[in-house]
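A short write-up of the structure that comes next.
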Amino acid sequence: MQRSVLFSFCFAGLMLAPAAHAQTQMACTASAPTPTTMRSSGLTELAGDLILTCRGGTPVTAGAFPVVNISIFFNAAVSSRVTVPASGASPALTEAVLIVDTPASVDQKPCLTPAACLNTDNIFQGRYDSFNSLSWLNIPVNPPGPNADRILRIRNIRMNATSIPSGGGPALAFVSISGAQVSSTLTNPQQTLGTVRTGVSYEIRSATDGALTGPLSLTACNAYNVDLASNAAAGAYNTAGGRTMIVKFTEGFANAFKRRNLGTTVAEPQIAFSQDNPIGFYNTESGFNNVTFPVVNGWNRVGVGDSGTILRAVFTNIPAGARVYVGSRELATGSTLDGAGVPTTKARLTSTPGAPFTALAADNQIDGGLKLVPPSGEVSWEVLETDVNNGEAVSFAVVIAYGNNPQPAANTISTSGGFGPQSSAATATTADSIPRYLGLTGPIPMVSLNVCRTTLLFQFITNQAGFDTGVSVSNTSRDTLTTSPQTGRCTATFFPTPFNATTQAQFPVLSSPTLAGGEQWTFTVSGARVGFQGYMMVGCDFQFAHGYAFISDFGSKNLAQGYQALVIPDRARLADPMTTAGAGSGEQLIH
32 MQRSVLFSFC
42 FAGLMLAPAA
52 HAQTQMACTA
62 SAPTPTTMRS
72 SGLTELAGDL
82 ILTCRGGTPV
92 TAGAFPVVNI
102 SIFFNAAVSS
112 RVTVPASGAS
122 PALTEAVLIV
132 DTPASVDQKP
142 CLTPAACLNT
152 DNIFQGRYDS
162 FNSLSWLNIP
172 VNPPGPNADR
182 ILRIRNIRMN
192 ATSIPSGGGP
202 ALAFVSISGA
212 QVSSTLTNPQ
222 QTLGTVRTGV
232 SYEIRSATDG
242 ALTGPLSLTA
252 CNAYNVDLAS
262 NAAAGAYNTA
272 GGRTMIVKFT
282 EGFANAFKRR
292 NLGTTVAEPQ
302 IAFSQDNPIG
312 FYNTESGFNN
322 VTFPVVNGWN
332 RVGVGDSGTI
342 LRAVFTNIPA
352 GARVYVGSRE
362 LATGSTLDGA
372 GVPTTKARLT
382 STPGAPFTAL
392 AADNQIDGGL
402 KLVPPSGEVS
412 WEVLETDVNN
422 GEAVSFAVVI
432 AYGNNPQPAA
442 NTISTSGGFG
452 PQSSAATATT
462 ADSIPRYLGL
472 TGPIPMVSLN
482 VCRTTLLFQF
492 ITNQAGFDTG
502 VSVSNTSRDT
512 LTTSPQTGRC
522 TATFFPTPFN
532 ATTQAQFPVL
542 SSPTLAGGEQ
552 WTFTVSGARV
562 GFQGYMMVGC
572 DFQFAHGYAF
582 ISDFGSKNLA
592 QGYQALVIPD
602 RARLADPMTT
612 AGAGSGEQLI
622 H
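For the sequence shown, this note's numbering gives the first residue as 32, with consecutive numbering after it.
Have a look at this one:
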């Protein structure tokens, strides 16, 4: 009888053994409930959280927790910050973290010894295994039992969005989990952590936010904002010119512009707040971070963005003698406004794009403060405040300045713009800025500085056979027709008869003094180029030049004749000299 009872218990134990084994296995399901929208030019875009919800197993009440291993592969490069570089066989550690359950800030215990994490640790750094994979190995996880859930939440995943189609292409994660106490069969192992869309558009607009169909045309001989051309600290627009145009950045979707962290404001641009709620969604360039974490293994850098969104503009082909200024802060004109008429996006010039904000002081107080664009042509504004719930645009003043004595060279100033800083670091690194981007819009032709020039043809002048020629060139830009007076010099080129290298060398070019509007340049051939006979062309660096020649024998005793010089059309803009010139070409006579 005792043997039968014993057998029965043994049999029952064997029958129950599989069930007891099943209780030691956690079963997990993957999800990504908060996918983000990623900017298509972004190299370090924050992805949505990846969550593993696990149930089952036998809770451990004493001794070491069983460990799990998690591996994730992505369809684009991982760019989460490396906090500990790879060393030997040990891969790099990153800011991407696995958080067990939802510990409050004071209860968060980062693992400081990755080779032997403790039961009490509840936040773990991801290993950077390859350009598109992360892993967490030997992570102690206490099974919750059959009637509870253990949440394994992975945050601070950053991805290079530039390789994903920008029309809504998905950022995908493929996750697996293993361990002695967890089922290797993971439900829903593929998850979408985000979609990629164009983050910003960049355009030039008129000074009042009107559409421009091409570059603004300015004439180099008409001084424009001349005070600013010589003095960056000028007090006002008090000469011809004013605000030239605006550059405008428009979000491709709501919250494409982001502050550095939750505490960033115009008043406190460098403040660092913790973003330590494991389930919080902050709409900033920083991810999950806790300012109390130690420097060990770079925990103090986990989740910390280096700056808010940087709006970058580059100006090229600025000719010598011309300056470009930009506004140091946003304008109401062209920007999205709140109910009080105040721009919802607030951004300021920074001298440290890609690093914590450092204000770049304006040179003056015009238009809220203008700053001279440096020789590099590059300027950056950092977003310090923004409306995360609505699409926004923000604009900045652009001012061109130049004098006309001397004139700047003719050129077309162009601009490119978008997010910054620009970088080629496409994967996870230790030192490169977060955020960082690849690709700008442009170059966009912005301002065409047109040369002011009149070419005069004197068909015949002479200082031979007892004759001489008097020449007069007048700058008639000062008139009764409200023309802006122009200033410039003239150069006379002589074409002797017969024309060859020897005769041409005998009669070099002749330059005038600077002629203001209403002034004349006069000379005689005998006094300037003795013995010359032929024709002469005079080029003047202003419009509305006119010439007159008077040929006579010495003393005008017997023979004399005068004529007006022909005005030759500007062939750079008018190929056919028989065609009437368009606006801006100056006057002309048929030739």
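Glycine is no exception: its CB is placed at the ideal position from the N, C-alpha and C atoms. Values in this document were obtained by computation on a predicted structure and should not be read as measured data.
Identify whether P406 lies in helix, strand or coil by the three-state DSSP scheme. Your numbering for residue 406 matches position 375 in the sequence shown. Of the three classes helix, strand and coil, the one that applies to P406 here is coil, per DSSP.
Around the C-beta of I302, are 16 or more other C-beta atoms found within 10 angstroms, so that it is buried, or is it exposed? Position 271 of the sequence shown, counted from the first residue, corresponds to residue 302. Exposed, because fewer than 16 other Cβ atoms sit within 10 Å of the Cβ of I302.
If you draw a straight line from the alpha carbon of V257 to that of I431, how long is it in whole angstroms? Mapped onto the sequence shown, residue 257 falls at position 226. Mapped onto the sequence shown, residue 431 falls at position 400. Straight-line Cα distance between these residues: approximately 9 angstroms.
Proximal residues to A254 (C-beta, below 6 angstroms), its chain only, five neighbours per side dropped: Along the sequence shown, one-based indexing puts residue 254 at 223. G434, N435, listed in sequence order.
Selected residue, minimal CA-CA separation from P384, among I341, V404, P539: Position 353 of the sequence shown, counting from 1, holds the residue named residue 384. Of the candidates I341, V404, P539, the residue whose Cα lies closest to the Cα of P384 is I341.
Could you check the C-alpha separation between V333 and P64 for me, to the nearest Å? Position 302 of the sequence shown holds residue 333. Position 33 of the sequence shown holds residue 64. For V333 and P64, the gap between their C-alpha atoms comes out near 22 angstroms.
For the segment 215-223 and the segment 293-312, state whether three or more C-beta atom pairs, one from each stretch, are separated by less than 8 angstroms. Between the segment 215-223 and the segment 293-312 there are fewer than three inter-stretch CB-CB distances shorter than 8 angstroms, so the stretches are not counted as touching.
Using the Cβ count rule (16 or more neighbours within 10 Å means buried), how would you classify S411? Looking up residue 411 in the sequence shown gives position 380. Its Cβ being crowded by 16 or more others within 10 Å, S411 is buried.
Inspect the CB distances between the segment 497-505 and the segment 355-375 and report whether three or more fall short of 8 angstroms. By the C-beta criterion, the segment 497-505 is judged not to be in contact with the segment 355-375, since fewer than 3 inter-stretch pairs fall below 8 angstroms.
Please classify T610: is it buried, with 16 or more other beta-carbons within 10 angstroms of its beta-carbon, or exposed? What you label residue 610 is simply residue 579 of the sequence shown in a count that begins at 1. Note on T610: pLDDT 43, under 50, position unreliable in the model; no value is reported.
Can you name, in chain order, every residue of its own chain whose Cβ lies under 6 angstroms from the Cβ of A263, other than the five neighbours on each side? Here residue 263 refers to the residue found at position 232 when the sequence shown is read from its first residue. Sequence-distant Cβ neighbours of A263 in its own chain, meaning closer than 6 angstroms and more than five residues away, are D394, L403.
With DSSP as the reference, label G79 as helix, strand or coil. Along the sequence shown, one-based indexing puts residue 79 at 48. Here G79 carries a coil assignment [DSSP, helix/strand/coil].
What are the start and end residues of the beta strand (DSSP E) that includes L259? Taking the sequence shown and counting its residues from 1, the one referred to as residue 259 is at position 228. Per DSSP, L259 lies in no beta strand (DSSP E) segment; the continuous alpha helix (DSSP H) that holds it begins and ends at 257-261.
Residues of its chain near A547, where Cβ-Cβ distance is below 6 angstroms and the 5 sequence neighbours each way are ignored: Counting from one through the sequence shown, the residue named residue 547 turns up at place 516. Around A547: T518.
Could you check where the alpha helix (DSSP H) with S557 kicks off and where it finishes? For the purposes of this step, residue 557 is taken as the residue at position 526 of the sequence shown. Unbroken alpha helix (DSSP H) run through S557: 556-559.
Work out the CA separation of I188 and Q438 for me, nearest whole Å. Within the sequence shown, numbered from 1, the residue matching residue 438 stands at position 407. Within the sequence shown, numbered from 1, the residue matching residue 188 stands at position 157. One C-alpha to the other measures close to 54 angstroms.
From the DSSP output, in three-state form, read off I397 for me. In the sequence shown, counting from the first residue as 1, residue 397 sits at position 366. Three-state DSSP puts I397 in a helix.
Boundaries of the beta strand (DSSP E) in which Q490 is found, first to last residue: Taking the first residue of the sequence shown as 1, we reach residue 490 at position 459. Under the DSSP assignment, Q490 falls in the beta strand (DSSP E) whose first and last residues are 485-493.
Validate contact between the segment 219-230 and the segment 198-206 using beta carbons, cut 8 angstroms, 3 pairs: These segments touch.
Indicate whether V297 and L401 have their beta-carbon atoms separated by less than 9 angstroms. Here residue 297 corresponds to residue number 266 of the sequence shown, with the count starting at 1. Here residue 401 corresponds to residue number 370 of the sequence shown, with the count starting at 1. Taking a C-beta distance under 9 angstroms as the contact criterion, V297 and L401 do not qualify as a contact pair.
Is it the case that the Cβ atoms of A424 and E282 are separated by a distance below 9 angstroms? Position 393 of the sequence shown holds residue 424. Position 251 of the sequence shown holds residue 282. Against a cut-off of 9 angstroms, the Cβ pair of E282 and A424 comes out as a contact.
Proximity of Q222 and S62 at Cβ, strictly below 9 angstroms: Here residue 222 refers to the residue found at position 191 of the sequence shown. Here residue 62 refers to the residue found at position 31 of the sequence shown. Using a Cβ distance threshold of 9 angstroms, Q222 and S62 count as a contacting pair.
Where V231 sits in the DSSP three-state scheme: As a working note, residue 231 is residue 200 in the sequence shown. Here V231 sits in strand by DSSP.
Could you check how far apart the C-beta atoms of A90 and N173 are, in whole angstroms? I think they sit under 8 angstroms. Numbered from 1 along the sequence shown, position 59 holds the residue referred to as residue 90. Numbered from 1 along the sequence shown, position 142 holds the residue referred to as residue 173. For the record, residue 90 in the displayed sequence is Pro; it is not Ala. Taking C-beta atoms under 8 angstroms as the contact rule, P90 and N173 qualify, at a distance of about 6 angstroms.
Can you tell which of A536, T125, R112 has its C-alpha closest to the C-alpha of F525? As a position in the sequence shown, residue 525 is number 494, starting the count at 1. Ranked by how close their Cα comes to the Cα of F525, the residues A536, T125, R112 have A536 in first place.
Check A532 in the structure and name its three-state DSSP category. Within the sequence shown, the letter at position 501 stands for residue 532. DSSP places A532 in helix when its eight states are reduced to three.
Exposed or buried, what is S543 when buried is set at 16 or more other beta-carbons lying within 10 Å of its beta-carbon? The residue labelled residue 543 in the question sits at position 512 within the sequence shown. Here S543 is buried, its C-beta having at least 16 other C-beta atoms within 10 Å.
Under the three-state reduction of DSSP, which class applies to N100: helix, strand or coil? Here residue 100 refers to the residue found at position 69 when the sequence shown is read from its first residue. DSSP places N100 in strand when its eight states are reduced to three.
Chain-order list of residues whose beta-carbon lies under 8 angstroms from that of G578 (same chain, five-residue window excluded): On the sequence shown, position 547 is the one that residue 578 refers to. Cβ contact annotation for G578 (same chain, cutoff 8 angstroms, sequence separation greater than five): L487, F489, V502, S503, V504, S505, V569, Q595, A596, in chain order.
A496 burial status per 10 Å Cβ neighbour count (16 or more: buried): Within the sequence shown, the letter at position 465 stands for residue 496. Result: exposed.
Between the alpha carbons of G562 and V540, how many angstroms are there, rounded? Numbered from 1 along the sequence shown, position 531 holds the residue referred to as residue 562. Numbered from 1 along the sequence shown, position 509 holds the residue referred to as residue 540. Spanning the two alpha carbons is a distance of roughly 15 angstroms.
Return the CA-CA distance between R467 and C571, expressed in angstroms with no decimal places. Working through the sequence shown from its first residue, we reach residue 467 at position 436. Working through the sequence shown from its first residue, we reach residue 571 at position 540. Each residue's alpha carbon lies about 49 angstroms from the other.
Candidates R184, L149, I101: closest to Y159 by CA position: Along the sequence shown, one-based indexing puts residue 159 at 128. The residue among R184, L149, I101 with its C-alpha nearest the C-alpha of Y159 is I101.
Which first and last residues belong to the beta strand (DSSP E) in which V109 is found? By 1-based counting over the sequence shown, the position of residue 109 is 78. V109 -> no beta strand (DSSP E), and no H or E assigned at all.
So for D454, helix, strand or coil by DSSP? Here residue 454 refers to the residue found at position 423 of the sequence shown. Correcting the residue type first, residue 454 is Ser in the shown sequence and not Asp. In this structure, S454 counts as coil in the three-state DSSP scheme.
On the DSSP bridge list, what partners appear for K279? Here the question's residue 279 lines up with position 248 in the sequence shown. Per the DSSP secondary-structure output, K279 pairs in a beta bridge with E234, S426.
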